[in-house]
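Peer 1: Below you'll find the structure I mean.
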Amino acid sequence: MGRTDHDRGSGDGRVFRFAPSPNGLLHLGHALSALLNRDIARAEGGRLLLRLEDIDRERCREAFATAIVDDLRWLDVAWTGTPRRQSEHFAAYRSALDALAARRLVFPCFCTRGAVLAASAAKAAATGVPRPTDPDGAPLYVGTCRQLSSAERARRIAEGRPAALRLDMAAALEAVGAEGRRSLRWRECGDGAGERDVPAEPAAWGDAMLARRDVPTSYHVSVVVDDALQGVTDVVRGRDLFHATGLHRLLQTLLGFPAPRYHHHRLVLDAGGHKLSKSRGAPSLRDLRREGLSPADIRRLVGLGG
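Count along the sequence shown from 1, then add 18; that gives the number in my numbering.
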């Protein structure tokens, strides 16, 4: 898979992207990320792209997409070209998944979320070992459907059983080889520690989900494909996605994509020390605008000065 002429970055210039999900209004955490992307892109003489990560069609709304564009313009965050909407590019994600499937690196998973949790709890009870979790704290998948025969998988698919698609982590790591695993790392520029190489640890995610039962892709696949197709050279995003980069580097390697540089920035926290989120009722930029705050006030609130 290569970049298209429409999405390709210009020349050797640096390309950044801000990629919110239109499933709610932007809050101060989004503002910090958008402003950092803009500031760093300007300092580096690069371009900033806007991407709307709207693969979840049940939660994403056009009204939120419109509000995102309006809030960013109010903040004086400008971007190049037309915003990329992930919901318009499922074919590109399918192509990437097909490439992995052709190498037998993925398998269909028929388990519901409840079944995954129950299997994890049962294994922990049987072994007396606390169930392992991924970097986000979710119980690791125990491999129930990885053990199914090809005939059984085909039978369930023929019956119309809904299935997610998971990465066979052991097979994927074997595919990159011992030397590839040793060189699997990324260039990190964030947190004020200077540029450094960070070893990737994709195995921490187990058999990661690459396509959901109700959506024909996942965040991990979509972000890797989009960054490659859009020629993104620098990914500036929150520290909460630091560990996901290990999985992204594995997917980039398997798919023959280049590795961007990464800058994982600090998060904006609420009074309880939690990351701001829409689900926790973080005040939106729209609310703060109604209260009379200016873009300069927003910069100060997120710790970027006036």
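We treat Cβ as the ideally placed atom computed from N, Cα and C, and that holds for glycine.
Only a predicted model underlies this, so the values are computations on that prediction, with no experimental measurement involved.
#1: Count the other CB atoms, across all protein chains shown, that sit within 10 Å of the CB of A81; report buried if there are 16 or more and exposed otherwise.
#2: Pop quiz: P38 and L44 are said to be a contact at Cβ under 8 angstroms. What is the actual Cβ separation, rounded to whole angstroms?
#3: Report all residues from its chain with a CB closer than 6 angstroms to the CB of E71; omit the five preceding and five following residues, and keep chain order.
#4: Out of L50, N41, R77 and D57, which has the shortest C-alpha to C-alpha gap to F34?
#5: Unbroken alpha helix (DSSP H) runs of length 4 or more, entirely within the stretch 23–92: which are they?
#6: Would you mind giving the Cβ-Cβ distance between D239 and L269, rounded to the nearest angstrom? I have them listed as a contact below 8 angstroms.
#7: So R388 and D252 are supposed to be a Cβ contact under 8 angstroms. How far apart are they, rounded?
#8: Going by DSSP, what residue range makes up the beta strand (DSSP E) through P217?
#9: Out of A218, S312 and F128, point me to the one whose CA is closest to V200's CA.
#10: Using the C-alpha atoms, what's the distance from L67 back to R102?
#11: Report the rounded CA-to-CA distance for G42 versus C78, giving the unit in angstroms.
#12: Take S138 and list the residues in its own chain whose beta-carbon comes closer than 6 angstroms to its own, dropping the five residues that flank it on each side.
#13: Can you grab the Cα-Cα spacing for the pair P313 / L183, in whole Å?
#14: Which ranges does the alpha helix (DSSP H) cover as unbroken runs of at least 4 residues, wholly within the stretch 235–296, from first to last along the chain?
#15: Measure from the alpha carbon of R332 to the alpha carbon of each residue in G256, G274 and G264, then state which is nearest.
#16: If you compare alpha carbons, which of R174, E106, L185 and W97 is closest to A221?
#17: Given a threshold of 16 other Cβ atoms within 10 Å of its Cβ, counted over all protein chains shown, does L115 qualify as buried or as exposed?
#18: Considering only C-alpha positions, which residue in the set T235, L265 and L322 is nearest to V5?
#19: Specify whether the stretch 191–206 and the stretch 241–249 touch according to this definition: at least 3 beta carbon pairs, one from each stretch, less than 8 angstroms apart.
#20: Rounded to whole angstroms, what is the Cα-Cα separation between L118 and V124?
#21: Shortest alpha-carbon distance to A331 belongs to which of R304, T162 and D315?
#22: Buried or exposed, going by whether 16 or more other CB atoms sit within 10 Å of the CB of G99?
#23: The alpha helix (DSSP H) spanning R318 covers which residue range?
#24: Applying the criterion that 16 or more other CB atoms from any shown protein chain within 10 Å of the CB defines a buried residue, is Q165 buried or exposed?
#25: Have a look at the DSSP bridge pairing and note the partners of F125.
#26: Could you name the residues of the same chain whose beta carbon sits closer than 8 angstroms to that of N55, not counting the 5 residues immediately before and after it, in chain order?
Peer 2: Taking the coordinates as given:
#1: For the purposes of this step, residue 81 is identified with residue 63 of the sequence shown, where counting begins at 1. When all chains shown are included, A81 counts as exposed.
#2: Sequence index remark: in the sequence shown, residue 38 carries index 20 (1-based). Sequence index remark: in the sequence shown, residue 44 carries index 26 (1-based). Right, their Cβ atoms sit about 6 angstroms apart.
#3: Here residue 71 refers to the residue found at position 53 when the sequence shown is read from its first residue. Cβ within range, chain order: A37, S39 and Q104.
#4: Counting from one through the sequence shown, the residue named residue 34 turns up at place 16. Nearest of L50, N41, R77 and D57 to F34, Cα basis: D57.
#5: 46–61 and 80–92
#6: Position 221 of the sequence shown, counted from the start, is the residue given in the question as residue 239. Position 251 of the sequence shown, counted from the start, is the residue given in the question as residue 269. Here residue 239 is Val; the residue named in the question, Asp, does not match the sequence. Right, their Cβ atoms sit about 7 angstroms apart.
#7: Look at the range of the chain in this structure, 19 to 324, and you will see that residue 388 is not part of it.
#8: As a position in the sequence shown, residue 217 is number 199, starting the count at 1. Where P217 is concerned, the enclosing beta strand (DSSP E) stretches over R214 to P217.
#9: Here residue 200 is taken as the residue at index 182 of the sequence shown, counted from 1. The sequence as given places Arg at residue 200; Val does not occur at that position. The residue with the shortest Cα to Cα distance from R200 is A218.
#10: Translated into the one-based positions of the sequence shown, residue 102 becomes position 84. Translated into the one-based positions of the sequence shown, residue 67 becomes position 49. Cα to Cα, R102 sits roughly 8 angstroms from L67.
#11: Your numbering for residue 42 matches position 24 in the sequence shown. Your numbering for residue 78 matches position 60 in the sequence shown. So the alpha carbons of these two residues sit roughly 7 angstroms apart.
#12: For the purposes of this step, residue 138 is taken as residue 120 along the sequence shown, with counting starting at 1. Contacts found: R149, P157 and V160.
#13: Here residue 313 refers to the residue found at position 295 of the sequence shown. Here residue 183 refers to the residue found at position 165 of the sequence shown. Cα to Cα, the separation comes out at about 43 angstroms.
#14: 237–247 and 262–273
#15: Nothing about residue 332 can be read from this structure; the chain reaches only from 19 to 324.
#16: For the purposes of this step, residue 221 is taken as the residue at position 203 of the sequence shown. Nearest of R174, E106, L185 and W97 to A221, Cα basis: L185.
#17: For this step, residue 115 is matched to residue 97 along the sequence shown. Buried is the call here.
#18: Since the first residue of the chain shown is 19 and the last is 324, residue 5 is not available in this structure.
#19: no
#20: Within the sequence shown, the letter at position 100 stands for residue 118. Within the sequence shown, the letter at position 106 stands for residue 124. The alpha-carbon atoms of L118 and V124 are separated by roughly 6 angstroms.
#21: What is shown of the chain runs 19 to 324, which leaves residue 331 out entirely.
#22: For the purposes of this step, residue 99 is identified with residue 81 of the sequence shown, where counting begins at 1. It is exposed - the Cβ of G99 has fewer than 16 other Cβ atoms within 10 Å.
#23: Along the sequence shown, one-based indexing puts residue 318 at 300. That run of the alpha helix (DSSP H) goes P313 to L319.
#24: For the purposes of this step, residue 165 is taken as the residue at position 147 of the sequence shown. With fewer than 16 Cβ atoms within 10 Å of its Cβ, Q165 is classed as exposed.
#25: The sequence position of residue 125 within the sequence shown is 107, counting from 1. Beta-bridge pairing links F125 to R184.
#26: Position 37 of the sequence shown, counting from 1, holds the residue named residue 55. Here the set comprises F34, R35, F36, L66, V95 and V254.
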